[in-house]
Amino acid sequence: MGDQAKTPVVAEAHLVDTFHPPQKMLDKHPSKPHLSSLEEYQQLYKESITEPEKYWARKARELLTWTRDFETVRSGSLANGDVAWFLEGQLNASYNLVDRHAFKDPNRVAIIYEADEPNEGRNLTYGELLREVSKVAYVLKKMGVRKGDTVAIYLPMIPEAIIAFLAISRIGAVHSVVFAGFSADSLRDRVLDAQSKVVITSDEGKRGGKLIGTKKIVDDALKQCPDVSSVLVFKRTGADIPWTPGRDLWWHEEVEKWPSYIAPEVMNAEDPLFLLYTSGSTGKPKGVMHTTAGYLLGAAMTGKYVFDIHDGDRYFCGGDVGWITGHTYVVYAPLLLGVSTVVFEGTPAYPNFSRYWEIIEKHKVTQFYVAPTALRLLKRAGDDFVKARMPELRVLGSVGEPIAAEVWKWYFEVVGREEAQIVDTYWQTETGSNVITPLAGVTPTKPGSASLPFFGIEPAIIDPVSGEEIHGNDVEGVLAFKQPWPSMARTVWGAHKRYMETYLNVYKGYYFTGDGAGRDHEGFYWIRGRVDDVVNVSGHRLSTAEIEAALIEHHAVAEAAVVGVADELTGQAVNAFVAIKDGNESSDALRKEFILQVRKSIGPFAAPKAVYIVPDLPKTRSGKIMRRILRKILAGEEDQLGDVTTLSDPTIVDKIIKTVHESR
Ligand code: WTA
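Structure below.
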């Protein structure tokens, strides 16, 4: 225990209970957890930090199948931004996810498809998956997709999304998935930035009983993407959709033409596997690039040790394949380990709030993984909805945002019936896989703490003012990592300078996460949230600058400032302050137009929850918008605004306060 006399910086850590892996979970375990004790974790962790090459070489050979072995385990450095792993090694991702399991046991279920309407789903075995993937790989090849080309995916949560991922990697191409909730404008920007020539989509999507016009959105996006030569369309609903002959091809018609096996392309360890666009503190989304071997290893390792995946498990991650959680934990981790993964098309609220629990019961799910935002919704709906029998559940994961202690406890007691371990996993699009997280069956947990670093992750708490690392326990600062790990992003597509500036040049020699964090008296990590202009709404990462840029596109907007405010249901919510151009009148209709503008430019999930039309924004004399003041006003902390005399117009503050009050 730490020094009790000292006032702890991480105050809550002293007050919370520590939960050990539940005995009942160990009792019902099909065998035993992969690690036997916390001491074993500590010993291996130490090796992974002091002898990373030895540690990772062993793990890479154990968990991945290589066509050619590697010689150089790790090269490059964080300081130089040229990290590479397993050089000379060769392998193929789809072979590792599909073929090796299909050869051993073709009838094992790979995908459990749970359609939007209960009872409309189906299962796909590894043998079937290999055939489907091969056919689509053939189709893509015939469309002219070559090794290294990027292919955009704009698909709902259906098995074909996973087939598309795997078909692309099978021929050595690079997938670039765009979440099917993004607008046509956002899709266009991503297709252009990645220079994708092929887009894979569906006629429509179906989610929570509602239809989503995916093909129509693709058509709109592609009006400004002259280089896209082909669109492969999966028929999901059979809706009547516009068709561009010569460019658009039906999935079901194309796959019939080609054989059900195509050899996987041999790839180098460091060849790109995928791009995934994510929001940063500036307006333009970044195409975060992951490479083949390192990323696969991170996915397999965390699947094995964080979720304690064993043969025969049925793994259910509720994330969408449009985000990193869906990439790593719907697709890569479970399939690399040869277990069944649930692909859920719908929402936790349709047809009612029991949906997740009924899926878990029906498919005897062993690990479940979801964002706290869904848990908050379901907790609020009431315990009566959690009647399903879920005796197989061993691990309950949380991801994407901090989980409040009362939600954590509800998850543990009401959903898990104290027979499953909660793992609060901290990571990012850029880290590829979980980086600070408990290991199921091994790590003691404290509600609200992501606990301890994963293998190979050497966290540092840095004083943001001095830029110096703060050693010891009971400290608070910003979170960085001190050495490279296999699944870290290698670059931002076409913008390596931006990669360096965002992650590696902020504190030289470290990878900077952009999150604040504390390390408590026992060395447990507590994630505080972003220290940059990124807001987290329902686990979706949004950039305030990107939303501001969307608002400015509206002809009546002179200036806009967007801030994140605490929200009971969505974690944070987007609030926008808009100064309008002369000649425009503030009205509800105009506020609605602004919200629509954001929906159109980015997507419905980024829409501001409140829009305040104000005479001007609080700015310094040099023109910098003081978002801090706006945040304080929204939090009702008008008495703590600090010195406002440095503003170019200090009287604006009272006017903004009045606007906010009047609209409440
Ligand atoms: C936040 C999602 C607290 C954090 C996997 C991070 C979390 C951002 C947690 C990355 C957690 C993720 N506790 N905060 N367990 N997990 N975050 O790229 O702010 O969509 O920087 O990846 O989510 O969001 P991204």
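Residue numbers (UniProt numbering): 1 to 664.
Think of the CB as a built atom: it goes at the ideal place given N, C-alpha and C, for glycine as much as any other residue.
> Can the beta-carbon of T282 be found less than 8 Å from the beta-carbon of Y315?
Replying inline: Within the sequence shown, residue 282 is the residue found at index 282, counting from 1. Within the sequence shown, residue 315 is the residue found at index 315, counting from 1. Not closer than 8 Å, so no.
>> Quick check on T431: does DSSP put it in helix, strand or coil?
In response: The residue you call residue 431 lines up with position 431 of the sequence shown. Helix, per DSSP.
>> Nearest by alpha-carbon distance to E593: which of A561, H555, G280 is it?
In response: What you label residue 593 is simply residue 593 of the sequence shown in a count that begins at 1. Nearest option by C-alpha distance: H555.
> In this structure, does DSSP put G322 in helix, strand or coil?
Replying inline: Here residue 322 refers to the residue found at position 322 of the sequence shown. For G322, the three-state secondary structure derived from DSSP is coil.
> CA-CA distance, E47 and W56?
Replying inline: Here residue 47 refers to the residue found at position 47 of the sequence shown. Here residue 56 refers to the residue found at position 56 of the sequence shown. So the alpha carbons of these two residues sit roughly 10 Å apart.
> In chain order, which alpha helix (DSSP H) runs of at least 4 residues are fully inside the stretch 174–233?
Replying inline: Correct list: 184–194, 214–222.
> To which residues does DSSP link H20 through a beta bridge?
Replying inline: The residue given as residue 20 occupies position 20 in the sequence shown. According to DSSP, H20 bridges with nothing at all.
> What do you reckon, is the C-beta of A450 under 7 Å from a heavy atom of ligand 1?
Replying inline: If you number the sequence shown from 1, residue 450 lands on position 450. Result yes, Cβ under 7 Å from ligand 1.
> Is the beta carbon of Q428 within less than 7 Å of some heavy atom of ligand 1?
Replying inline: Here residue 428 refers to the residue found at position 428 when the sequence shown is read from its first residue. With a cutoff of 7 Å, Q428 counts as near ligand 1, since its C-beta is closer than that to a heavy atom of the ligand.
> Which residues share a DSSP beta bridge with G312?
Replying inline: By one-based count along the sequence shown, residue 312 stands at place 312. In DSSP, G312 forms no bridge with anything.
> Which ranges does the beta strand (DSSP E) cover as unbroken runs of at least 3 residues, wholly within the stretch 506–588, from first to last along the chain?
Replying inline: Complete beta strand (DSSP E) runs here, min 3: 511–519, 525–530, 534–537, 540–543, 557–567, 571–580.
> Taking buried to mean at least 16 other C-beta atoms within 10 Å of its own C-beta, is residue 721 buried or exposed?
Replying inline: No answer is possible for residue 721: it lies beyond the span of the chain, which begins at 1 and ends at 664.
>> For ligand 1, is there any heavy atom lying closer than 7 Å to the beta carbon of G529?
In response: Taking the first residue of the sequence shown as 1, we reach residue 529 at position 529. Answer for G529: yes, Cβ within range of ligand 1.
>> Distance check for P453 and P459, CA to CA, integer angstroms please.
In response: The residue given as residue 459 occupies position 459 in the sequence shown. The residue given as residue 453 occupies position 453 in the sequence shown. Between P459 and P453, the C-alpha separation is close to 7 Å.
>> Residues in the same chain with beta-carbon distance under 6 Å from S538, minus the five sequence neighbours each way, listed in chain order, please.
In response: By 1-based counting over the sequence shown, the position of residue 538 is 538. The residues are T373, T570.
> Taking the C-alpha atoms as reference points, what is the distance between T646 and Y525?
Replying inline: Translated into the one-based positions of the sequence shown, residue 646 becomes position 646. Translated into the one-based positions of the sequence shown, residue 525 becomes position 525. Looking at the backbone, the Cα of T646 and that of Y525 are separated by about 37 Å.
> Among L479, E71, T513, which has the Cα closest to the Cα of A269?
Replying inline: Here residue 269 corresponds to residue number 269 of the sequence shown, with the count starting at 1. That would be E71, whose Cα lies nearest to the Cα of A269.
> Among the residues of its own chain, which have a CB less than 8 Å from the CB of W408, if the five just before and after it don't count?
Replying inline: If you number the sequence shown from 1, residue 408 lands on position 408. Excluding positions up to five away in sequence, the list reads S398, I422, D424, P447, G448.
> Do S229 and R170 have their C-beta atoms within less than 8 Å of each other?
Replying inline: Sequence index remark: in the sequence shown, residue 229 carries index 229 (1-based). Sequence index remark: in the sequence shown, residue 170 carries index 170 (1-based). No; because the gap between Cβ atoms is not below 8 Å, this pair is not in contact.
>> Report the start-end ranges of each beta strand (DSSP E) in the stretch 360–446 that is 3 residues or longer and not cut off at the edges.
In response: Runs found: 367–370, 395–399, 421–425.
>> Please state the DSSP three-state secondary structure of S451.
In response: Reading the sequence shown from its first residue, position 451 is the one you call residue 451. DSSP places S451 in strand when its eight states are reduced to three.
> Should residue 665 be listed as close to ligand 1, given that the test is whether its C-beta is under 7 Å from any heavy atom?
Replying inline: The structure shown has nothing for residue 665, since the chain only spans 1 to 664.
> Are F274 and V174 closer than 8 Å when you measure CB to CB?
Replying inline: Start at 1 with the first residue of the sequence shown, and residue 274 comes out as number 274. Start at 1 with the first residue of the sequence shown, and residue 174 comes out as number 174. It is a contact, given that the beta carbons lie within the stated cut-off.
>> Using 8 Å as the cut-off, can you tell me whether the stretch 598–612 makes contact with the stretch 565–580, which would need three or more C-beta pairs spanning the two stretches below that distance?
In response: Using a C-beta cut-off of 8 Å, the stretch 598–612 makes contact with the stretch 565–580, since at least three inter-stretch Cβ pairs fall below that distance.
> On the premise that P464 lies in contact with C534, defined as a C-beta separation below 8 Å, what is that separation, rounded to the nearest angstrom?
Replying inline: Start at 1 with the first residue of the sequence shown, and residue 534 comes out as number 534. Start at 1 with the first residue of the sequence shown, and residue 464 comes out as number 464. For the record, residue 534 in the displayed sequence is Val; it is not Cys. Not a contact, Cβ separation roughly 16 Å.
> With C-beta atoms as the reference, is Y126 less than 8 Å away from W258?
Replying inline: Translated into the one-based positions of the sequence shown, residue 126 becomes position 126. Translated into the one-based positions of the sequence shown, residue 258 becomes position 258. No, these two residues do not count as a Cβ contact at 8 Å.
>> Restricting to runs no shorter than 4 residues, where is the alpha helix (DSSP H) found entirely within the stretch 27–86?
In response: Within the stretch 27–86, the complete alpha helix (DSSP H) runs of at least 4 residues are 38–50, 52–63.
> Taking all protein chains shown into account, do 16 or more other C-beta atoms lie within 10 angstroms of the C-beta of M1, making it buried, or fewer, making it exposed?
Replying inline: Taking the sequence shown and counting its residues from 1, one reaches residue 1 at position 1. Low confidence applies here, because M1 scores a pLDDT of 34, under 50, leaving its location unreliable; read the following figure in that light. The residue is exposed, with fewer than 16 neighbouring Cβ atoms inside 10 Å.
> Is the stretch 189–204 touching the stretch 621–637, taking contact as three or more C-beta pairs under 8 Å?
Replying inline: The stretch 189–204 makes no contact with the stretch 621–637; the number of CB pairs closer than 8 Å stays below 3.
> What's the gap between the Cα of F412 and the Cα of G509?
Replying inline: Locating residue 412 in the sequence shown gives position 412, counting from the first residue. Locating residue 509 in the sequence shown gives position 509, counting from the first residue. Roughly 39 Å between the two C-alpha positions.
> From which residue to which residue does the beta strand (DSSP E) around S169 run?
Replying inline: Position 169 of the sequence shown, counting from 1, holds the residue named residue 169. It is not in any beta strand (DSSP E) - S169 instead sits in the alpha helix (DSSP H) that spans 159–170.
> Quick one: is the Cβ of T425 within less than 7 Å of any heavy atom of ligand 1?
Replying inline: Counted from its first residue, the sequence shown places residue 425 at position 425. At least one heavy atom of ligand 1 is found less than 7 Å from the C-beta of T425.
>> ligand 1 and D520: does any heavy atom of the ligand fall closer than 7 Å to the residue's C-beta?
In response: Taking the first residue of the sequence shown as 1, we reach residue 520 at position 520. D520: no, Cβ never under 7 Å from ligand 1.
> Taking all protein chains shown into account, do 16 or more other C-beta atoms lie within 10 angstroms of the C-beta of T214, making it buried, or fewer, making it exposed?
Replying inline: As a position in the sequence shown, residue 214 is number 214, starting the count at 1. Under this definition T214 is a buried residue.
>> If I follow the unbroken beta strand (DSSP E) through L276, where does it start and stop?
In response: Here residue 276 corresponds to residue number 276 of the sequence shown, with the count starting at 1. Run containing L276: 272–278, per the beta strand (DSSP E) assignment.
>> Using a Cβ-Cβ cutoff of less than 8 Å, which residues in the same chain neighbour G238 once the five nearest sequence positions on both sides are dropped?
In response: The residue you call residue 238 lines up with position 238 of the sequence shown. Excluding positions up to five away in sequence, the list reads D203.
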